[in-house]
Amino acid sequence: MHNFKKLDIWNKSVEFVADIYRLVNRFPQIERFGLVTQMQRAAVSIPTNIAEGSAKSSNKDFARFLEISLGSAYELETELLVSFKLSYIEAETYEQFQQKLSELQRMINGFKDTL
929 MHNFKKLDIW NKSVEFVADI YRLVNRFPQI ERFGLVTQMQ RAAVSIPTNI
979 AEGSAKSSNK DFARFLEISL GSAYELETEL LVSFKLSYIE AETYEQFQQK
1029 LSELQRMING FKDTL
């Protein structure tokens, strides 16, 4: 069992969730129950699955939850692109979020490979 609160991937992903929530608060009201909700859920799923997986008794089970977390990160990557294509975010903002998300994806993959 791992202490998820000490994992860099968990801490960085929690910070990223807060960033996503601040970002989508600026989206049009029409997206409140659409893209906004989807992005919030995908973002929250990243650290949530890391935490849940850390409680599993085997590394194999933990790795499965890391894969779910990674899937949520890729889902969020797509939603960020859609947000950019719809002009909800500027190119610079999109690039900043994309870089943070790519770093998280690499970190999750790297950690999973060490299990």
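Numbering (my numbering), first residue to last: 929 to 1043.
Positions of the beta carbon are idealized from the N, C-alpha and C atoms, including for glycine.
Keep in mind the model is a prediction, meaning the values are calculated, not measured.
What does the alpha-carbon distance come out to for the pair residue i and residue j?
i, j, result
"T1006", "S986", "31 Å"
"Q968", "V945", "7 Å"
"S982", "Y1002", "21 Å"
"D989", "M1035", "18 Å"
"E943", "L1014", "25 Å"
What does the Cβ neighbour count give for residue i, buried or exposed, with the cut at 16 atoms within 10 Å?
i, result
"I958", "exposed"
"T1042", "exposed"
"K934", "exposed"
"N931", "exposed"
"F961", "exposed"
Quick one: measure Cβ to Cβ for residue i and residue j, integer angstroms, because I've assumed they're closer than 8 Å.
i, j, result
"L1004", "A970", "4 Å"
Excluding the five sequence neighbours on either side, which residues of its own chain have a C-beta within less than 6 Å of the C-beta of residue i, listed in chain order?
i, result
"F1062", "Lying outside 929 to 1043, the shown extent of the chain, residue 1062 is not represented and no answer is given."
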